[in-house]
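Enquirer: Reading the sequence shown from the start, the letters are residues 1 to 348 in this note's numbering. No residue lacks a Cβ here, since even glycine has one placed at the ideal position from N, Cα and C. Dropping the structure in here first, questions after.
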Amino acid sequence: MISRRHLSVAAAISLIAGATVAPAPALAGDSYTFAGAVYGMAAAPDNSLLIADSGAGVVELKHGTGRLAVPLPGVNDAEPLGRDAMYAVTSGENGFVGKLYRAGRDGTATAVADLSAYEASVNPDGADINANPFGVQPLPGGGGALVTDAGANALLRVEESGAIDWIATFPPQDVSSAPAKELAGCPNPPANLAFVCALPAVMPAQAVPTSVVIGPDGAYYVGELKGSPAEPGTSRIWRVDPRARHARCGTSKDCRVVADGFSAIVDLTVGPGGTLTVVEMEENGFLAAALGLAKRGGTVNTCRFDKWTCRAVATGLPVPIAAAVTRGRTVALVDALTPASARVVEVS
1 MISRRHLSVA AAISLIAGAT VAPAPALAGD SYTFAGAVYG MAAAPDNSLL
51 IADSGAGVVE LKHGTGRLAV PLPGVNDAEP LGRDAMYAVT SGENGFVGKL
101 YRAGRDGTAT AVADLSAYEA SVNPDGADIN ANPFGVQPLP GGGGALVTDA
151 GANALLRVEE SGAIDWIATF PPQDVSSAPA KELAGCPNPP ANLAFVCALP
201 AVMPAQAVPT SVVIGPDGAY YVGELKGSPA EPGTSRIWRV DPRARHARCG
251 TSKDCRVVAD GFSAIVDLTV GPGGTLTVVE MEENGFLAAA LGLAKRGGTV
301 NTCRFDKWTC RAVATGLPVP IAAAVTRGRT VALVDALTPA SARVVEVS
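Structure follows, in structure tokens:
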């Protein structure tokens with residue numbers, strides 16, 4: 001039987017490097033060899049890109065030239081605070097401690113809050129203790145930051161003082177294991193995939209919230225990866241009231257699902273005209289990719305907040321992990337788990 005986090009978000013994503021789909025053309029001149037898997041990307045006010053390189057720190061990519069701006073191994077995401085500062089979060093897995101940092105492009109980084117310690121002491125979702133801060137979103141007016149903890153299934157608010165409180169937790173969802181079994185070749189799978197055939201026909205999958213943005217209405221929008229057995233089409237986008245505190249999504253009136261039918265959401269970005277860019281890492285679900293059985297690749301979508309109509313901008317991308325809008329172009333970070341291959345491609 002697979003436990004509630006049999007494959008944690010970092011562990012599962014780290015296995016996907018073997019997935020193969022057609023390559024996408026890189027942006028002319030944009031090249032940089034990353035030290036580790038890359039997990040986050042954001043556009044800064046000067047149109048440079050901030051990329052979270054888990055092996056080294058925050059990389060600044062500007063005019064086709066990359067440089068390590070903030071040494072911070074274990075970083076999962078970084079978001080700008082004006083031109084010269086940023087918030088960054090580090091993983092709570094693989095020997096790292098989940099923390100929120102305030103950093104500068106001069107290379108300085110100061111810890112604001114220990115998110116792993118908060119999960120250990122508070123444990124908002126009440127399940128096994130597992131901190132893995134994966135996404136960060138600065139609050140307007142210098143009010144601190146929102147953090148999605150993918151391991152804890154929680155949306156956190158961190159004040160500039162370092163005070164932490166949880167806004168909402170996201171519930172598991174009963175999903176079918178049939179797609180995973182089909183991909184594994186059940187009832188006669190390879191030996192290393194035999195455990196998949198033993199899964200119950202229906203089982204609870206953890207939400208695994210990976211990303212958060214603030215919408216045009218001021219509400220918080222959170223995207224799910226969706227844990228094992230990762231049935232395709234079961235990832236959702238939640239709307240959380242900004243006044244919410246300690247909301248149990250699924251039962252609380254302070255949060256509701258506004259869009260579903262996605263697979264393995266790894267990034268949300270607010271784009272031009274108030275649209276929402278949604279990145280799906282793998283159309284067959286992250287478990288398919290983690291098992292080396294991915295066939296379809298990932299997708300970048302744009303959605304309208306008013307009607308929640310979405311369209312695919314790019315499909316079949318090799319392991320996309322994040323998107324950003326810079327100089328009027330929508331770009332995606334692809335081949336994210338293979339440092340020598342990870343690159344930024346234009347998808348608009």
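Helix or strand or just coil, what does DSSP make of Tyr101?
Expert: It is a strand residue.
Enquirer: Who are Asp174's beta bridge partners in DSSP?
Expert: Asp174 pairs with Pro204.
Enquirer: If you count every other CB in all the chains shown that lies within 10 Å of the CB of Ala52, and 16 or more means buried, which is it?
Expert: By the neighbour-count rule (16 or more Cβ atoms within 10 Å), Ala52 is buried.
Enquirer: Of the residues Pro189, Leu337, Pro209, Leu146, which one's Cα is nearest the Cα of Phe170?
Expert: Among Pro189, Leu337, Pro209, Leu146, the Cα nearest to that of Phe170 is on Pro209.
Enquirer: Measure the Cβ-Cβ separation of Ala117 and Leu287 and say whether it is below 8 Å.
Expert: No.
Enquirer: Have a look at Tyr220 and Val270 and give me their C-alpha separation to the nearest angstrom.
Expert: Near 11 Å, if we compare the C-alpha coordinates of Val270 and Tyr220.
Enquirer: Kindly indicate the opening and closing residues of the beta strand (DSSP E) around Tyr220.
Expert: Per DSSP, Tyr220 belongs to the beta strand (DSSP E) from 220-224.
Enquirer: Straight-line CA distance for Pro25 to Asp128?
Expert: Residue placement at Pro25 cannot be trusted, given a pLDDT of 48 that sits under 50; what the coordinates show is reported in the next sentence. The straight-line gap from Cα to Cα measures roughly 42 Å.
Enquirer: So, with DSSP's three-state summary, where would you put Asn76?
Expert: Here Asn76 sits in strand by DSSP.
Enquirer: Specify the secondary structure class of Thr330 as computed by DSSP and reduced to three states.
Expert: If DSSP states are grouped into helix, strand and coil, Thr330 belongs with the strands.
Enquirer: Looking at C-beta atoms only, is the number of pairs between the segment 238-248 and the segment 180-195 that lie closer than 8 Å three or more?
Expert: The segment 238-248 is not in contact with the segment 180-195.
Enquirer: Would you kindly report the start and end of the unbroken beta strand (DSSP E) that includes Lys145?
Expert: Looking at the sequence provided, one finds Ala at residue 145 rather than Lys. Taken as a continuous stretch (DSSP letters only), the beta strand (DSSP E) holding Ala145 covers 145-149.
Enquirer: Could you please give the first and the last residue of the uninterrupted alpha helix (DSSP H) stretch that includes Tyr39?
Expert: Where Tyr39 is concerned, there is no enclosing alpha helix (DSSP H), although the beta strand (DSSP E) it sits in stretches over 38-43.
Enquirer: What does the alpha-carbon distance come out to for the pair Ala163 and Ala113?
Expert: Approximately 7 Å between the Cα atoms of the pair.
Enquirer: Under 8 Å by Cβ, that's how I've got Val319 and Val300 pegged, so tell me the actual separation to the nearest angstrom.
Expert: Not really, about 12 Å apart at Cβ, beyond 8 Å.
Enquirer: Out of Asp84, Ala109, Val147, Leu139, point me to the one whose CA is closest to Gly92's CA.
Expert: Gly92 has its Cα closest to that of Val147, out of Asp84, Ala109, Val147, Leu139.
Enquirer: Can you tell me whether Pro339 is helix, strand or coil according to DSSP?
Expert: Three-state DSSP puts Pro339 in coil, outside helix and strand.
Enquirer: Below 8 Å on the Cβ atoms is my guess for Asp77 versus Val38; work out the distance and round it to an integer in Å.
Expert: With 8 Å as the limit, Asp77 and Val38 do not qualify as a contact, their Cβ atoms being about 10 Å apart.
Enquirer: For Asp217, does the count of other Cβ atoms within 10 angstroms reach 16, so buried, or fall short, so exposed?
Expert: By the 10 Å Cβ count, Asp217 comes out exposed.
Enquirer: For Ala22, name the three-state secondary structure that DSSP assigns.
Expert: Because Ala22 carries a pLDDT of 35, less than 50, the predicted location of this residue cannot be relied on, and no value is offered for it.
Enquirer: Leaving out the 5 sequence neighbours to the left and right, which residues in its chain are closer than 6 Å to Arg105 when beta-carbon positions are compared?
Expert: Correct list, in chain order: Ala69, Asp84.
Enquirer: Within its chain, find whatever has a CB closer than 8 Å to the CB of Ala323; leave out the 5 residues flanking it on each side and keep chain order.
Expert: Answer for Ala323: Met41, Asp267, Thr269, Thr277, Val279, Val300, Thr330, Val331, Ala332, Leu333, Val347, listed in chain order.
Enquirer: For Pro133 versus Trp166, is the C-beta distance shorter than 8 Å?
Expert: No.
Enquirer: For the alpha helix (DSSP H) holding Val122, just list the boundary residues, first then last.
Expert: Unbroken alpha helix (DSSP H) run through Val122: 115-122.
Enquirer: Can the beta-carbon of Leu50 be found less than 8 Å from the beta-carbon of Pro80?
Expert: Contact: yes.
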